[in-house]
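Residue numbers (my numbering): 2 to 128.
Everything below concerns the one structure shown next.
This is how it looks when you write it as structure tokens:
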């Protein structure tokens with residue numbers, strides 16, 4: 002699916018003076034995020050440092066929340082990262098995840114087999 006913003010730069014002009022807002026940034030938040038950011042960048046005419054997305058931030062927050070709920074700890078104690086695009090391409094970096102400085106592998110029950118990508122998708126569905 003292709004999204005196009007015809008003459009998007011006109012959307013950001015000051016009606017009174019016709020000036021472009023020089024400090025304006027654009028941050029699309031709709032999926033597919035990477036494609037939307039690229040489309041907005043190309044159609045807006047804005048420089049690349051003023052059009053961006055925050056792809057992994059929400060998925061990382063969901064991953065941290067899932068771990069916090071499962072281990073009954075504060076989400077603030079969890080350091081974790083998720084890479085890749087939202088959906089099947091996201092990769093939770095379990096090996097580099099820790100809770101209060103303790104590796105997740107030492108805290109997560111060994112008998113519990115976890116498909117982290119599925120767990121993350123389930124956490125996303127709950128939020």
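No residue lacks a Cβ here, since even glycine has one placed at the ideal position from N, Cα and C.
Worksheet item: Roughly how many angstroms lie between the CA atoms of residue 35 and residue 78, to the nearest whole one?
Response: Taking the chain shown and counting its residues from 1, one reaches residue 35 at position 34. Taking the chain shown and counting its residues from 1, one reaches residue 78 at position 77. Rounded to whole angstroms, residue 35 to residue 78 spans 29 angstroms at the Cα level.
Fill in: C-alpha distance - residue 42 paired with residue 27, whole-angstrom precision
Within the chain shown, numbered from 1, the residue matching residue 42 stands at position 41. Within the chain shown, numbered from 1, the residue matching residue 27 stands at position 26. Approximately 9 angstroms, taken between the alpha carbons.
Discussion item. Just to check my reading of the structure: residue 93 and residue 64 have Cβ atoms closer than 8 angstroms, yes? What is that Cβ distance to the nearest angstrom?
Written reply: For the purposes of this step, residue 93 is taken as residue 92 along the chain shown, with counting starting at 1. For the purposes of this step, residue 64 is taken as residue 63 along the chain shown, with counting starting at 1. Yes, they are in contact, since the Cβ atoms of residue 93 and residue 64 sit about 5 angstroms apart, within 8 angstroms.
Discussion item. Quick check on DSSP: helix, strand or coil for residue 26?
Written reply: Here residue 26 refers to the residue found at position 25 when the chain shown is read from its first residue. Residue 26 falls in the coil class under three-state DSSP.
Worksheet item: Could you give the residue range of the alpha helix (DSSP H) that holds residue 94?
Response: Residue mapping note: residue 94 aligns to position 93 of the chain shown, counting from 1. Element bounds for residue 94: n/a, residue is neither H nor E.
Fill in: Integer-rounded CB distance, given that residue 82 should sit under 8 angstroms from residue 120
On the chain shown, position 119 is the one that residue 120 refers to. On the chain shown, position 81 is the one that residue 82 refers to. Contact flag wrong, Cβ pair sits at about 15 angstroms.
Worksheet item: Skipping 5 residues on each side, what residues in its chain have a beta carbon closer than 6 angstroms to that of residue 38?
Response: The residue you call residue 38 lines up with position 37 of the chain shown. If we look at residue 38 and ignore the five residues flanking it on each side, its Cβ neighbours are 29, 54.
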